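This report concerns only the one structure given below.
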Amino acid sequence: MFLGIEIGGTKLQFGVGQGDGSPLLTLERERVDPKRGAEGIREQIQLSAAPLIERYGVTGVGIGFGGPVDSASGRIIKSHQVGGWDDFPMADWARKTLGLPVIVGNDSDSAGLAEARFGAGRGHRIVVYNNIGSGIGGALVIDGQLYPGSCGIAAEIGHLRPGLQSDQPDLTVESLASGWAIAAAAQARASDPVSHRLGPLVAGGRPRGPESVRQRLIQREEVDERHAGDLLERCEGHIERLTTEMVAKAAADGNELARDVFRDACQALGWALGQVITLLAPNVLVIGGGVSLVGEELFLAPLRHEVERYAFPPLLGTYSIVPAQLGEDVVVYGALANAAGRLS
Numbered sequence: 000m001f002l003g004i005e006i007g008g009t010k011l012q013f014g015v016g017q018g019d020g021s022p023l024l025t026l027e028r029e030r031v032d033p034k035r036g037a038e039g040i041r042e043q044i045q046l047s048a049a050p051l052i053e054r055y056g057v058t059g060v061g062i063g064f065g066g067p068v069d070s071a072s073g074r075i076i077k078s079h080q081v082g083g084w085d086d087f088p089m090a091d092w093a094r095k096t097l098g099l100p101v102i103v104g105n106d107s108d109s110a111g112l113a114e115a116r117f118g119a120g121r122g123h124r125i126v127v128y129n130n131i132g133s134g135i136g137g138a139l140v141i142d143g144q145l146y147p148g149s150c151g152i153a154a155e156i157g158h159l160r161p162g163l164q165s166d167q168p169d170l171t172v173e174s175l176a177s178g179w180a181i182a183a184a185a186q187a188r189a190s191d192p193v194s195h196r197l198g199p200l201v202a203g204g205r206p207r208g209p210e211s212v213r214q215r216l217i218q219r220e221e222v223d224e225r226h227a228g229d230l231l232e233r234c235e236g237h238i239e240r241l242t243t244e245m246v247a248k249a250a251a252d253g254n255e256l257a258r259d260v261f262r263d264a265c266q267a268l269g270w271a272l273g274q275v276i277t278l279l280a281p282n283v284l285v286i287g288g289g290v291s292l293v294g295e296e297l298f299l300a301p302l303r304h305e306v307e308r309y310a311f312p313p314l315l316g317t318y319s320i321v322p323a324q325l326g327e328d329v330v331v332y333g334a335l336a337n338a339a340g341r342l343s
């Protein structure tokens, strides 16, 4: 029996199971207080894990961590959300604290392994997992085995840099298509809605003269201001409080400004997945994370369209793009599978 632990920026999950995809014997969720930092999370782990280990006769522990890790050494490289994790020897600490062998992996890698073996990727040889939440992660699973790269870090889809001009580490797909990026783009558009795009202006045919251009600009400005006002109402006039969830609800209700933001995010992510397909020729790409829950019309269908624009043409039709199946427990299932495979 194994204990799977998910360590995120806002939540902490503990699940006990066999690591073979069978239902968990128990699952416990706790909130993380980022202000207490890594030390606070370690205190929570120590208090919550010990009773589960004793009660269920746990023989090994798998950890899925929300940030880059060196899985070979079991060290945390850093967390982008909670301070105090930089270069932390997580496996050694957990081994000493819990008295059991421990395997540490990235949360997206863990989720990808679970989806490939037990979820939407089951039955496929080459599975790419892509998580779109507050950040963007990825995993590559081949024949049911996670591909770790040469140093435990691979398939970082969110950190691809679109275009030759993206020569700085923060100019990434994640900065354009993550949940945080979607909210930031909507905040900027709602604050300054008078930013005209060529597509809407030429819809229905190119204008025939200056007066026609002027009329279309006026109409577009009025539409944008109306939809910007809608977004402002949703956050009660506090633009910094506009969330991805609010933007998604507005888009579902027909807000064109919000839909534009989602279309831009889908284009950036579609470009990235197009490169992944061109390089790896996977059988299936599994899309998970909170942003993917926006659904088929606003996210998955536009994403598939953008992927087809950028993937190597001979590979079109050789892959499928599908939503993840295992829900918010997916990292726990993957951590368990990792522990069962490497500690048995």
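Numbering (numbering that gives the first Met the number 0), first residue to last: 0 to 343. For glycine and all other residues, C-beta sits at the position ideal for the given N, C-alpha and C. These figures come from a predicted structure and were not determined experimentally.
- Excluding residues up to 5 positions away in sequence, Gly66, Pro67, Trp84 and Asp85 lie with their Cβ nearer than 7 angstroms to the Cβ of lysine 77 in the same chain.
- For the pair glutamate 235 and alanine 227, the Cα-to-Cα distance works out to about 12 angstroms.
- With fewer than three CB-CB distances shorter than 8 angstroms, the region 86 to 102 does not count as touching the region 247 to 261.
- In this structure, DSSP gives tyrosine 318 a state outside helix and strand, which the three-state scheme calls coil.
- Judged by DSSP in its simplified three-state form, arginine 74 adopts strand.
- When Cys265, Leu342 and Glu327 are compared, the shortest CA-CA separation from lysine 10 is found for Glu327.
- Taking the Cβ atoms as the reference, glycine 61 lies roughly 5 angstroms from asparagine 337, within the contact range of under 8 angstroms.
- By DSSP's assignment, valine 60 forms a beta bridge with Leu2 and Val101.
- Take valine 329, set aside five residues on each side of it, and the residues of its chain with a beta-carbon closer than 6 angstroms to its own are Ala110 and Ala113, in chain order.
- Counting of Cβ neighbours within 10 angstroms places cysteine 265 among the buried residues, the total reaching 16 or more.
- With contacts defined as CB atoms closer than 8 angstroms, aspartate 223 and alanine 249 fail to qualify as a contacting pair.
- In this structure glycine 148 is exposed. Its beta-carbon is surrounded by fewer than 16 other beta-carbon atoms within 10 angstroms.
- Residues of the same chain with a CB within less than 7 angstroms of the CB of glycine 36, apart from the 5 flanking positions on each side, are Val81, Gly82 and Gly83 in chain order.
- Nearest to arginine 41 by C-alpha distance, out of Gly18, Ala71, Gly14 and Glu5, is Glu5.
- Annotation for valine 260: the continuous alpha helix (DSSP H) segment containing it runs 255 to 279.
- Just so you know, the alpha carbons of leucine 51 and glutamine 144 end up roughly 28 angstroms apart.
- CA-to-CA, the gap between glycine 273 and valine 127 works out to about 12 angstroms.
- Per DSSP, reduced to three states, the secondary structure at arginine 30 is strand.
- In this structure phenylalanine 13 is not in contact with threonine 58, their Cβ atoms being roughly 16 angstroms apart against a cut-off of 8 angstroms.
- Collapsing the DSSP output to three states places valine 329 in a helix.
- Under the three-state reduction of DSSP, tyrosine 128 is assigned to strand.
- Residue range 135 to 141 is occupied by the beta strand (DSSP E) that includes leucine 139.
- Note on glycine 137: 16 or more other CB atoms within 10 angstroms of its CB, so buried under the neighbour-count rule.
- Residue pairing by DSSP places threonine 243 opposite no residue, since no beta bridge is assigned to it.
- Per DSSP, glycine 287 lies in no alpha helix (DSSP H); the unbroken beta strand (DSSP E) holding it starts and ends at 283 to 287.
- Annotation: glutamine 45 to glutamate 155 spans about 30 angstroms, alpha carbon to alpha carbon.
- A direct Cα-Cα distance of roughly 21 angstroms separates serine 165 from phenylalanine 261.
- Note on phenylalanine 311: under 16 other CB atoms within 10 angstroms of its CB, so exposed under the neighbour-count rule.
- When secondary structure is reduced to three states using DSSP, glycine 36 falls in the helix class.
- The closest CA to that of arginine 303, considering only Val283, Gly289 and Gly288, is found on Val283.
- Leucine 175 has its alpha-carbon roughly 37 angstroms from the corresponding atom of serine 47.
- Residue pairing by DSSP places valine 81 opposite no residue, since no beta bridge is assigned to it.
- Distance check between alanine 115 and each of Pro322, Leu342, Ser343 and Arg341 places Pro322 closest, using alpha-carbon atoms only.
- In the structure shown, the three-state DSSP call for aspartate 169 is coil.
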